[in-house]
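Numbering (this note's numbering), first residue to last: 435 to 602.
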C-alpha cells in the first residue's frame, strides 16, 4: 500500500474544492438555512481538509470524509450561535434560488424544520444522493439508525405537507 502524504498541497486542495465545493456549499447552506453561515461552514470545512488531509485513512470515499467534516462544522456553528432547532424566518437562501422551483424551495423550508438528525439524513440522502452506507459512514452511526432517521423524517414531512395542502 502506498503511504498517504501528510500534507495537502495547494494543487490538491484546488482539485478537492473544484470537485466537491458546490456539493459542500449546498449542504452547508441547506443545513444551516443561511447563505453566509453556509459559506463560512464550507470555508472552515476546506480549511480543515487542508490541515488534516494526512489523517484521511481511505476507509471511505474522499467525499464522504469531507461531508462528515462539513456536517461537524455546521453542528459547531449551530452550537456557537445557539440555533438549536430554531428556523430562520426567511427560509433558505440556496446558491441558485432563481433556478429553484417554488415547490422545491417550500420543501426545503419544511426539511429545515425537522430535528437535526432527521434533517441531516434527508439532506444527505435526497440532496447529496448518498446511499445508506455512505450516510452511515459520514455520520458515524449504524445503517439501521440512518434508515430509521429517514423514515421518521419522511413521516414528519408527509404530515406537515398534507396538513398544508402540498400533497393529498
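Cβ atoms here follow ideal geometry from the backbone N, Cα and C, with glycine treated the same way.
Under a Cβ-count criterion, where at least 16 other Cβ atoms within 10 Å of its own Cβ denotes burial, should residue i be classed as buried or exposed?
| i | result |
| --- | --- |
| residue 565 | exposed |
| residue 568 | buried |
| residue 583 | buried |
| residue 589 | exposed |
| residue 596 | exposed |
| residue 504 | buried |
Given this structure, state the Cα-to-Cα distance separating residue i from residue j, to the nearest angstrom.
| i | j | result |
| --- | --- | --- |
| residue 580 | residue 447 | 30 Å |
| residue 554 | residue 511 | 15 Å |
| residue 475 | residue 466 | 9 Å |
| residue 576 | residue 490 | 20 Å |
| residue 472 | residue 599 | 30 Å |
| residue 452 | residue 509 | 24 Å |
| residue 593 | residue 513 | 28 Å |
| residue 585 | residue 445 | 41 Å |
| residue 540 | residue 559 | 18 Å |
| residue 496 | residue 449 | 12 Å |
| residue 542 | residue 563 | 15 Å |
| residue 591 | residue 454 | 28 Å |
| residue 561 | residue 578 | 20 Å |
To which residues of the same chain is residue i closer than 8 Å at the C-beta, ignoring the five residues directly before and after it?
| i | result |
| --- | --- |
| residue 441 | 487, 488 |
| residue 571 | 493, 494, 498, 502 |
| residue 484 | 442, 447 |
| residue 574 | 502 |
Following the continuous alpha helix (DSSP H) through residue i, name the residue where it begins and the one where it ends.
| i | result |
| --- | --- |
| residue 595 | 577 to 597 |
| residue 508 | 496 to 514 |
| residue 555 | 550 to 556 |
| residue 485 | 469 to 486 |
| residue 489 | No alpha helix (DSSP H) holds residue 489; DSSP gives it neither H nor E. |
| residue 445 | 444 to 466 |
| residue 563 | Note, residue 563: premise wrong, no alpha helix (DSSP H); not H, not E. |
Relative to the ligand PLP, is the shortest distance from any of its heavy atoms to the C-beta of residue i smaller than 7 Å?
| i | result |
| --- | --- |
| residue 542 | Questions concerning the ligand PLP fall outside what the structure shown contains, since it holds no ligand whatsoever. |
Give every residue of the same chain whose Cβ lies closer than 6 Å to the Cβ of residue i, excluding the five residues on either side of it in the sequence, and list them in chain order.
| i | result |
| --- | --- |
| residue 507 | 475, 478, 479 |
| residue 556 | 545, 587 |
Spatial neighbours of residue i within its chain, please: CB distance less than 7 Å, with the 5 preceding and 5 following residues excluded, ordered by chain position.
| i | result |
| --- | --- |
| residue 551 | 583 |
**Prompt:** Using 8 Å as the threshold, is the region 545 to 552 in touch with the region 455 to 462, meaning 3 or more CB pairs across them?
**Reply:** The region 545 to 552 is not in contact with the region 455 to 462.
**Request:** Count the CB pairs spanning the region 498 to 505 and the region 478 to 485 that are closer than 8 Å, and state whether there are at least three.
**Result:** Three or more Cβ pairs closer than 8 Å define a contact, and the region 498 to 505 meets that threshold against the region 478 to 485.
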